[in-house]
Structure formats: structure tokens, C-alpha cells
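Protein chains in written order, with the numbering used here: chain C, 1 to 281; chain G, 282 to 562; chain Y, 563 to 843; chain E, 844 to 1124.
One structure below.
Protein chains: 4
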Amino acid sequence: MQRIDFISLVENYKVVFLDSYGVLKNHKGLIGGVPETIEYLRDRGIVVKILTNDASRSRQQQVELFKSLGLSGLTTGEIITSGTLARLFLEDKRIKGKIGYLGTENAAEYILHIDRDSIPIGAIDLENCDDVAAFVFLDDEGFDWNIDINKTINLLRMKNIPVVVANSDKLYPVSPRDVAVGTGGIAKLVENILNRKFIHFGKPDSQMFMFAYNQLLKEGQFSKSEILMVGDTLHTDILGGNKFGLDTALVLTGNTVESSVDSLVAATGIIPDFICKSITS
Amino acid sequence: MQRIDFISLVENYKVVFLDSYGVLKNHKGLIGGVPETIEYLRDRGIVVKILTNDASRSRQQQVELFKSLGLSGLTTGEIITSGTLARLFLEDKRIKGKIGYLGTENAAEYILHIDRDSIPIGAIDLENCDDVAAFVFLDDEGFDWNIDINKTINLLRMKNIPVVVANSDKLYPVSPRDVAVGTGGIAKLVENILNRKFIHFGKPDSQMFMFAYNQLLKEGQFSKSEILMVGDTLHTDILGGNKFGLDTALVLTGNTVESSVDSLVAATGIIPDFICKSITS
Amino acid sequence: MQRIDFISLVENYKVVFLDSYGVLKNHKGLIGGVPETIEYLRDRGIVVKILTNDASRSRQQQVELFKSLGLSGLTTGEIITSGTLARLFLEDKRIKGKIGYLGTENAAEYILHIDRDSIPIGAIDLENCDDVAAFVFLDDEGFDWNIDINKTINLLRMKNIPVVVANSDKLYPVSPRDVAVGTGGIAKLVENILNRKFIHFGKPDSQMFMFAYNQLLKEGQFSKSEILMVGDTLHTDILGGNKFGLDTALVLTGNTVESSVDSLVAATGIIPDFICKSITS
Amino acid sequence: MQRIDFISLVENYKVVFLDSYGVLKNHKGLIGGVPETIEYLRDRGIVVKILTNDASRSRQQQVELFKSLGLSGLTTGEIITSGTLARLFLEDKRIKGKIGYLGTENAAEYILHIDRDSIPIGAIDLENCDDVAAFVFLDDEGFDWNIDINKTINLLRMKNIPVVVANSDKLYPVSPRDVAVGTGGIAKLVENILNRKFIHFGKPDSQMFMFAYNQLLKEGQFSKSEILMVGDTLHTDILGGNKFGLDTALVLTGNTVESSVDSLVAATGIIPDFICKSITS
């Protein structure tokens, strides 16, 4: 575990995988200096991929959101979301029937896509739901928590169908002080009540890294040792990057802060190869 | 594990501890024959105590509810609720400050009582909450799940105060088909997000049985071997009764049904001494 | 959470419940000054009870061990062990058949007693074990871990019998540097493999405190508010004492040390009423 | 979930991924008819890959073991073991120092390889272990459980180094009646004691499937929909295959048996696409 500034470190790699929230942006917007760092990486020919646990927006919407914050020039091919993996899973599984979901219509439209017959939990009739063939936890918004979480539990008690969690994050920051329960936290509640395990997508799971790596191989020949994974969270970014066999760098601009980084690494046993203050210095 | 009819079994005991939901009543009202069984017990001089995981009503309200369903003559002294234990805990701990809570005003009034300065989570100002000195999960109703569960999480991230779960049931039945997430399930979500353990009251915890037993000793001299614990749920009634050293009888009028009782006992390793179809035969 | 010296604090109580390891003694022997503190408590008429998670020795052997270390005058009535609770449980349950066990012969003799037909796991014939009616995890010594833990798992896969863990401690210190897996840790491995929950005795479970309190009431009238629980471990001594409604004091002579006490209290949410350096100052 | 005979089913695929124990062999040796089935697959040009959670033997030793049981003609390229993944991880991580391990010398030789400086836990000096830079759980044999598991715990308390579990199976069958704690079970005990999470390799983790798939792509172009995953265990073979996006077939010649398959699928929510009696009919 070596402390080093990001700019010196990144020279040794041909590719950087970047987490989004806590690395590129925070609740106030872009982290200062990020556009300059991204431009520096592009100038050096270092390939950038953004790996984010998110199933609420399309990749195109992600690109536009970054643009509105002041980071232009990203392409959809540079963004890998857990929602994409959930969608591919459902396509591979060739589900015959409707896909029930918990989340917003926007998420359903962009994640589940138009060729799918999807239905929000609120519109499912529990007396008559033979045609619901899979279920997806998409987002923590777009439904009534009390009514619709209970309805989801009762649906899944009746029907033994594949259940997918399109974003495994248990909580996410909404301000410097406050967090909110995320899609993964709601799914965990339901798993706990039902005593079942759903299929979760998102870091630290290897599939997210594998997907990014396979995308990368379409652009050229890269070995894992040429990739640096950068994130602000030990349990997702660093654990997942380590396991996939990448070098990992923890930045201190998000979930993990200077004052507790050493004790957290010791307590969790999740060890980044490098610690950098931020990606902008 | 012996199959026997309840009336033959109960003759061997001086006291019966009865679970409420699934033993005395279900979603439709009283289970048929229950008033007659209770009368039979009284005629034989067998002491009755009802042990229920509930923190939404006062014991007087419980008595009245049973009366409205057709079971008269219960006294508050015959009812032991997990809410009572939570209240006693808060009294013993001599909390100096307000007690925040998640639940209904009725629950707060009856469980936390008037001499306490209690405040619902919705009324707490997170910018100014120095005076909140403890927090209680009282009920699954009386608040906005999305807004107020998240607010509870943020309150408890800021303030390291005693947190009490006044009813540890994770879910409860609301119809023959449907269940709902209970107070204990909501508390579990928050514990999972915060990675902390709260203080839970209710079966199977020994304190509920100890409290009932101590109440009993005020009425006379009884040994544990003279008490039969009767319930419909392996993980609460039977596990708790077994551990406290009581003989236990599982009835099949609630959570556990004839068709799966053998496989459930084998899978959980929770073994009742007796299995009875119901307390009414 | 108030920092105070023990001698000033204890004046306010009529009874102290003391953990043993980390409070009275450590790997080197008695903690310096302990005999004087105990004498001081006796002089002031403060009742002493030692609550220890241990099922390897009889209470008489505990008294003798303390004496050999230099603390004389303890009586068996002052010592409450988790092993005693396990034994009472097995007596209450009126097990008909042999009690299998994992542990030493000494533990079996003193914990399970002579009127019981007990048999070590090594002597059980899995082809012919119809007469084994209960099983007890007694100690982490006295058997071959590889052979006998696997044999225990296979016995319990075949036979659905009550299983008791007579000491729930997962690990214990053996030197300033080293720990060892305890009885509770071995039981946890077996529970994890079998996906079952055994009946555990020992702090933080309320039964240990209830038993001590009931013993106390035979000696006089004491309210819970007159008792101080003192221990070195948040998860057992303090959590258990808090839940039982006692005032709690954490000492820093064992598992919890000055440098990390604040962060541990914050991380666990287990809050002692008082923090004392030791019981000897 | 469709019941179908394997021979009819397999015609629809170009590749089969086969679990080993419970599919190809059991405690008595090869399952009857397996050599004929493998020959049939070869005749039809269906590619075979064996995916096994094992870190005790080299792939060459696996080939020889199958040959000695009567299944000739397997090649090392057809065998994917969790041990291989663990080895690759350690190579990618470019560990500088010795790799400590729990297991047999044979496992260390074949899994960790000669160019690594590896050292069994028994030979590590805890007073002088600065040069131990990683640790691997390789096997459940080749060490003293009591002494060496405790020593492993103390080593890992002192040193915050990457820890790898080369076979995540918690238990494995040793006879029709008996099971034994596996490498994954021992690792779980240590994780539970230390409250840390190690890096586990083996099904159901996606990396095992990804590795097999990448090996496959070196031999030709195959889409996931052309691959059938076949196994006897819901939690590893089926869960992992499902998540990776393969069609899955559960066979009833190992861990899962006809009498309980329906209730197990319902209880776990892990749903194979197909159920076959065996791969030999």
C-alpha cells in the first residue's frame, strides 16, 4: 500500500477504470480538476472506462448528465453500468412473459428496453399474475415504499421466478451529511424477509469488471496488468478490482477519508495497491 | 416430538403461556372454539398468560380488542407484550432527553407513556437534535417509509444513542395470502445499512419469558416444569420456550402448517416437545 | 458515557457483577490490585458476583483457581458460569438418553454431572447412536479437531436432537499476542455448515444475567438500579448488561484498550454508561 | 423448469460445462454410464469442460485420477479448477515475499508452483514473519486443525495481507452418509473469527465461468446461449451458471435428490432451466 499522487501513478498504465460518484463527482457536482485530468489521460492515450453501480439512467443519459456538469466528450462506450449487466442477463435468459419491476418508468424504459413487456409492481394484479416471469429491482424511487415493497414480497412468495438486482449498492450519499437507502438495500430487506438470494449486479462482483475488460478488448490488446482500477470505496471498487486481478488505487474524495483510511483498511482486510488523495493531483 | 390433542396435554400443567396471533386469532378474528378452550382452562384452574410480540397497543387495548372479537374476561395482567419490555428498559436506563420513535402516536402514548418526552422521527430536526437521547422502533405504521426510514438512518449515523426495537417480528400475516414487513424487519434494514446491532425485545428472547415467569411468581409458586408454552412459530415461540426451559407445544393454526411441519423441524433443528392441531381440539 | 474511577463509581451501588477474564485476571495471572479491590467491596458490604462464559470447570474448580492465583475467599455462590446454565437447561428438558459432547472429561463430569449418561463424540458409534438424545459443545479441548468436528457434523445431520453451546465465546486470549478459537467459535462453524441454530448460553444473553439476579434475590432485596455490571468486552458484558437494564462500566484491562475504545463504541453502537481504566484504581 | 432426459437436451448445445463430483463421479467412483456419455458428446462434436471447485491437485493429476477411475482421454485443457484461478490471482498480484498456506505440500507444489516461495503455516515463525506477503487456504488436509487454524488466525491478526481461498466449498461428501468440512468451511470459520472477508475462488462466482468461457473462445466462436451448465448443486453450479447467463441443468446423482428437489428450488429461489435424472440417460 503505497501513497502516491495519481498523475505519477497513472503513467504506468494504458487503461484506467474509474468509479463515478466520489471519484469524478460528488453531491455538489464535478470534483474540481476532473475535466483537466480526463483531458490529460486522453492526451497520453490512456483509455478511460467509467464503472458505475447505477440502473436509473441509460448510458446516453449518463453522458448528458456529465456534460451538464461540465465534463464533455464522454461516449456511451466509455460507460459501464450495473444496469447494463442486468439487462443483458434478462436478454440471455430469454424470459417468456412480463418483467415486473420496482423503480421508475425511465429506468424501466432504458434498462429493460422497449422489446420487453415490463410492468411496475404497482400495476401488477396479485390475483392474476401468471404472466410475470421475472422481477427486477431497478431503483429506490418511483414507487410507494410501504405499499410496493410489501407487494413485492407477496408477489415473490407466490411466484418462484428469477429476481435481479440491477444495482447492488446498499446506500448512497445525498449530501455531505446524509445518505439514502439504495436499490441494493431495499433488495436486501426483501431477501432477508424471504430468506432467499437474488442475482445482484454491480461492483464488487467480477462480472462488472469482466464486461468492462471485454469491451476494452474490442478496442485493442490489453493485459490486466496494464489496467488501474480507481475508486473511493473499499468494499466495491477495491475489493472487486483486486479480485479481478487489477492494480487498485483508493482515492480520498468520497466514501473513504484521510482520517480513517488506515483503520478501515486494517479492519476490513481490503488492501488497495495505492492510495491517492484524488485523481486531480 | 409427540403428536397429542391439546386438551389431553394441558391437564399435565398448571400454567399455559399462549402466543396470540396464529393460536388465539387469525386475520378473520378469533379461531373457532378459543373462548371455550380458555373457559376450560379457567375451570381447571390453569393459569393463562398471553405472550405477544406487539408494541402497537396498550395492554388495555389488547384486552378490548379480544373482547370485541368475542373473547371476554381477559385481564391486563394476563397479557405480556414486547412493548412492555421496551418501555421498562427505557425506564431502567433513565434516559435524559427525548425519545425519538418510528411508529404511531398511539403506540408512543401507550408504550412510551406520558412522563416521557417523546418525538416522532418526522418531527425531529436533524440540524438540531442534541436532545434526542434514545430511539425506539415501535410500529410499521404511522410514518412515511421512504422519507422517515432514511431520516432514521441519518439520525442514527449522527448520534450514537441507545436504540430499542419494541417488536422483533420481521413480518406478520395480513390475510391468508399476504404478509407485511413488521417492525423488526424495518429495524433489520436499518441495522444492516448501519452495520450495528440494536436492542431487540420479544420472543424468542429469554427476557419475554423471564418477565412472564416473574409476573407468574407474584401469583403463586410455580416451577418451570409446570408451564407449557404454546405457539404457532418455531423461531419465536418454540425456540424461546425451549431455551427458557419450558415444555413446548406447536399448534398448526398459524404460521406452521401440517404439510410442512416435519420438514421445517428437520431443517431448523428447532424441536417442540409436542405438536397439536390447535388449542381447540 | 462518563469516564470515572471505579472506586468512586462503585460507592453508588449495592451489587457488582464482574466479568472474570480481562477484569480480574489475564494471561499472566491476577491483575494487580484485584485482591485489594475485592476486599474493599466486601468491607463496604457490596455484594460481588462473577459472571463468566466458561464451561470447562466446576464452580469449585473456579474458586480454587482464583485461590491459587492469589484471590482467596471467593465462594461457589459468587460464581455464575455459562456452563451452569447449560446444565440446568439439560436438567429441565429431562433428556431421555445419552448426552453426547465435545470437550474434556473434566468438563463433562462437572458440567453434565454424574447422574447423566454422557458420552464424548469420539466414543459415539455413528452406526448405532439411537440412544444419543442431546449434544453439548463444552470446550475447545479434549478432542481431535479434524476428526471430531467432522464426526459431530455427521451425527447432527443424522439426528435432530437438542444442541447446546455451553460457552458462546468465539475466541479467547491466550497471550498478549495470541488468541484461540473458543467453544462458541467451533459451534458457529458447525451451525454454519448445517445451516441450523443451536441454543447458546453465556453473556450477552439475558439468561446469564437473570440467573445471577435470581441468585442475588435469595440473599436479599435488590433492584436492578442497584447493580453495576463491569466488563472488558462490549459485545458480551456491556451489551448484555445494558439489555438486562443494569448500569454498565467498561474497563480497559482486557479486550478493549484505551486507544480504540471511542471508535469501537461508535462503530458498534454499544454504549457503556461508564468507562473506568480498571477496577483497581 | 422442465424435466427432460440429458441426451435429448444436450443436442441443442455446442458446449457442456460439467461439474465433477455428483455429476461424473461419486464416492464409489465413476457414475455408471459416464464414459459412454462423454464419448457420445465427443462423437457429436460437443465441447466438454469440467468446472470443479478443487485446489488439492494439479489439472494433470485430475486427468490421471479420472483415467484411473475408467474415464480416459480427458485433457488438462478440459479441466478448470478453482485452484487455477487462485494461482492466477497470485501471479497477477505480483506478491513480493512468501506465500503462507494451509494445506498439503502437493497442493502447494501444483497450485502455487515452483517459482513461488511458499511456506506451510506450520513452518511460519510468528515472531519473525515479515516476509509473508500473502496467505492461501488450499486444502482441508495436511495440517493440524487445532494448532494450525489458531496459528493462521494469529498470523492474520498481525499481518494485513491478501488472503485467498482456493476452493470455496464449505463441505464435501465422503460417503453416502458422511460429509467433511471443506477448505471454504475452514476459511469461513477464520473470517467469522476475524470479521474479515477473504477472496474466494470457485463456483458460484462468475470468474470460474468467465475463465472457462475465455478458454473456450480460444478454440472457436461460441455464444453463451450455445453452452449448457450441468451440475448437482443449486448454490454453486446452478446459481453460478444462471448468473453468467448460461442455460442450466440440474442432475439428481449427487447433492440434490429427487425427493426434495422441488422444495429446495422453492426454498432457495435458485431455478435451473432443466432437471435431468443424470447425464447418463
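Glycine residues also receive a C-beta, built at the ideal position from the N, C-alpha and C atoms.
Pick out whichever of the options has its Cα sitting closest to the Cα of residue i.
i: residue 44(C); options: 10(C), 62(C), 97(C); result: 10(C)
i: residue 17(C); options: 189(C), 252(C), 39(C), 79(C); result: 79(C)
i: residue 981(E); options: 939(E), 1083(E), 1041(E), 870(E); result: 1041(E)
i: residue 893(E); options: 1098(E), 1101(E), 1071(E), 1022(E); result: 1071(E)
i: residue 971(E); options: 846(E), 979(E), 998(E); result: 998(E)
i: residue 855(E); options: 869(E), 1108(E), 1069(E); result: 1069(E)
i: residue 617(Y); options: 672(Y), 750(Y), 774(Y); result: 672(Y)
i: residue 7(C); options: 37(C), 23(C), 20(C); result: 37(C)
i: residue 624(Y); options: 822(Y), 564(Y), 668(Y); result: 668(Y)
i: residue 4(C); options: 74(C), 241(C), 207(C), 230(C); result: 230(C)
i: residue 695(Y); options: 563(Y), 636(Y), 619(Y), 662(Y); result: 662(Y)
i: residue 157(C); options: 180(C), 194(C), 267(C); result: 194(C)
i: residue 628(Y); options: 563(Y), 602(Y), 658(Y), 582(Y); result: 582(Y)
i: residue 1100(E); options: 1055(E), 1064(E), 1119(E); result: 1119(E)
i: residue 901(E); options: 845(E), 960(E), 955(E); result: 955(E)
Is it the case that the Cβ atoms of residue i and residue j are separated by a distance below 9 Å?
i: residue 639(Y); j: residue 665(Y); result: no
i: residue 576(Y); j: residue 609(Y); result: yes
i: residue 302(C); j: residue 232(C); result: The structure shown has nothing for residue 302(C), since chain C only spans 1 to 281.
i: residue 379(G); j: residue 402(G); result: no
i: residue 188(C); j: residue 82(C); result: no
i: residue 144(C); j: residue 426(G); result: yes
i: residue 489(G); j: residue 334(G); result: yes
i: residue 742(Y); j: residue 702(Y); result: yes
i: residue 477(G); j: residue 830(Y); result: yes
i: residue 974(E); j: residue 688(Y); result: no
i: residue 1122(E); j: residue 877(E); result: yes
i: residue 754(Y); j: residue 1035(E); result: yes
Does any C-beta atom of chain D lie closer than 9 Å to the C-beta of residue i?
i: residue 107(C); result: Although the question refers to chain D, the structure presented lacks it and instead comprises the protein chains C, G, Y and E.
Am I right that residue i and residue j are in contact with their C-beta atoms under 8 Å? What's the rounded C-beta distance?
i: residue 585(Y); j: residue 816(Y); result: 6 Å
i: residue 504(G); j: residue 767(Y); result: Not quite, the Cβ-Cβ distance comes to about 22 Å (not below 8 Å), so this is no contact.
i: residue 201(C); j: residue 161(C); result: Residue 201(C) to residue 161(C), Cβ: 17 Å. No contact.
Taking contact to mean at least 3 C-beta pairs separated by less than 8 Å, is the segment 1009-1027 of chain E in contact with the segment 708-721 of chain Y? Between the segment 1009-1027 of chain E and the segment 708-721 of chain Y, the count of C-beta pairs closer than 8 Å reaches three or more; the two stretches touch.
Check whether the segment 158-166 of chain C and the segment 84-100 of chain C touch, using three or more Cβ-Cβ pairs below 8 Å as the test. Below 8 Å, enough C-beta pairs join the segment 158-166 of chain C and the segment 84-100 of chain C to call them touching: three or more.
Quick check: the segment 510-520 of chain G against the segment 535-555 of chain G, are there 3 or more CB pairs under 8 Å? Between the segment 510-520 of chain G and the segment 535-555 of chain G, the count of Cβ pairs shorter than 8 Å is three or higher; the stretches touch.
Length-filtered (4 minimum) alpha helix (DSSP H) runs lying within the segment 983-1068 of chain E: The segment 983-1068 of chain E contains these whole alpha helix (DSSP H) runs: 988-1001, 1026-1037, 1049-1060.
Determine contact between the segment 932-945 of chain E and the segment 241-254 of chain C, defined as no fewer than three beta-carbon pairs at a distance below 8 Å. Judged by pairs of C-beta atoms under 8 Å, the segment 932-945 of chain E touches the segment 241-254 of chain C, as three or more such pairs exist.
Runs of alpha helix (DSSP H) wholly within the segment 509-538 of chain G (minimum 4 residues, chain order): Complete alpha helix (DSSP H) runs here, min 4: 520-525.
Every unbroken alpha helix (DSSP H) inside the segment 295-372 of chain G [4 residues or more]: Secondary structure remark: continuous alpha helix (DSSP H) runs of at least 4 residues inside the segment 295-372 of chain G, in chain order: 315-324, 340-350.
Should the segment 583-599 of chain Y be regarded as contacting the segment 619-633 of chain Y, the criterion being three or more beta carbon pairs within less than 8 Å? In short, these stretches touch, since the Cβ pair count reaches three.
Hey, which unbroken runs of the alpha helix (DSSP H) at 4 residues or more fall wholly within the segment 102-140 of chain C? Listed in chain order, the alpha helix (DSSP H) elements of length 4 or more contained wholly in the segment 102-140 of chain C amount to none.
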